[in-house]
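Below is one structure, written out as structure tokens, with a few remarks after it.
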Amino acid sequence: MNKQRLFGFIALIILSATVASAQTYYQVGVTTGVNYSSLRSDLFTTSSGRSGLVAGFSVALGLGDHFELNPEIVFTQKGASAKAVSFRPEEAIEVFSRDYHYNTFEAGVIGGYQPVLEVPIRLQAGGFFGTHFNYGDNRNENLWVGNYENLNYAMPADKLNPAFAGLDFGPVLGISAGSGQLRLNVRYYLGVKNLYNNLDYVVEGHRISTSAFRVSLTGYLK
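The numbering used here applies: residue 4 is where the sequence shown begins, and numbers increase by one.
Spelled out as structure tokens, the structure:
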């Protein structure tokens, strides 16, 4: 992530705090839920996504009758399983599943617009910034991705492990339902960072990016 994007995200947080001075209400609460994530890449076919837990806290800042701002910080489990193959001399190519699982601490700022005051439903849009860690071990499993038919054009699957330790960011779209002390949020997170760039000494031009569908419930303390 370049410095301009980092400074832009910090400015967004500062702006959120400034706008909060005009709020009509504020609430602080605990958020829990489930997250289903996936990976997109030209190096492998995703065989399945990863279901994981979400836990953290959220703040609701009321900005008039129709608008609300929701800064949040959560821990969530992400990743996916990729198709990988094993090449063995004079044997048929065998297909396996290789897990690329990692965990994330994630900060987000999501704005909500409630079109009808009598209906407690808000349309949401915003952005997130996360840092990945715990990308697994580096055991050589003799599994390959990049090309499922020719070993000469494939790469060891374990070489991609370091790609899943680093930063990610992107837009968020969703919907929120509820008022008072309980809110149900259904959101889609689209990572735009190319995680492949976290790798060293590899061929340039490939791409790995993330996406996630999340359902969470926030219970506010006041």
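For each residue, glycine too, the CB sits at the ideal point set by N, CA and C. Just so you know, these numbers come straight off a predicted model, no measurement behind them.
In or out: residue i buried (at least 16 other Cβ within 10 Å) or exposed?
{"i": "His69", "result": "exposed"}
{"i": "Ala160", "result": "buried"}
{"i": "Ile113", "result": "buried"}
{"i": "Glu75", "result": "buried"}
{"i": "Gln184", "result": "exposed"}
{"i": "Ile96", "result": "exposed"}
{"i": "Ser51", "result": "exposed"}
{"i": "Lys196", "result": "buried"}
{"i": "Val175", "result": "buried"}
{"i": "Gly133", "result": "buried"}
{"i": "Lys225", "result": "exposed"}
Skipping 5 residues on each side, what residues in its chain have a beta carbon closer than 6 Å to that of residue i?
{"i": "Ala58", "result": "Thr35, Phe78"}
{"i": "Ala157", "result": "Trp147, Gly149, Asn150"}
{"i": "Ser219", "result": "Thr34, Gly36, Val57, Asn188"}
{"i": "Phe99", "result": "Ala87, Leu146"}
{"i": "Gly194", "result": "Asp171, Gly173, Ser212, Thr213"}
{"i": "Val62", "result": "Val31, Pro74"}
DSSP puts residue i in a beta bridge; with which residues?
{"i": "Phe60", "result": "Val33, Ile76"}
{"i": "Asn106", "result": "Gln80, Phe136"}
{"i": "Ser182", "result": "Bridge partners of Ser182: none, in fact."}
{"i": "Arg53", "result": "Ser40"}
{"i": "Pro174", "result": "Gly130"}
Identify, in the order they occur along the chain, each residue of the same chain with its Cβ nearer than 8 Å to the Cβ of residue i, setting aside the five sequence neighbours on each side.
{"i": "Gly115", "result": "Phe70, Glu71, Leu72, Asn73, Arg125, Leu126, Gln127, Ser179"}
{"i": "Glu207", "result": "none"}
{"i": "Leu202", "result": "Lys162, Leu163, Pro165, Ala166"}
Short of 7 Å in beta carbon distance, which residues of its chain neighbour residue i, apart from the five on each side in sequence? Order them along the chain.
{"i": "Gly181", "result": "Pro123, Leu187"}
{"i": "Tyr199", "result": "Ala166, His209, Arg210, Ile211"}
{"i": "Gln26", "result": "Because Gln26 carries a pLDDT of 49, less than 50, the predicted location of this residue cannot be relied on, and the following value inherits that uncertainty. So the list reads Leu64, Gly65, Leu66, once near-sequence residues are dropped."}
{"i": "Glu108", "result": "Sequence inspection shows Phe at residue 108; the Glu mentioned does not correspond to that position. Cβ neighbours of Phe108 beyond the five flanking positions: Phe78, Gly133, Thr134."}
Less than 8 Å between the CB atoms is what I'm expecting for residue i and residue j, so what's the real figure, rounded?
{"i": "Asp45", "j": "Arg210", "result": "6 Å"}
{"i": "Thr49", "j": "Ser41", "result": "6 Å"}
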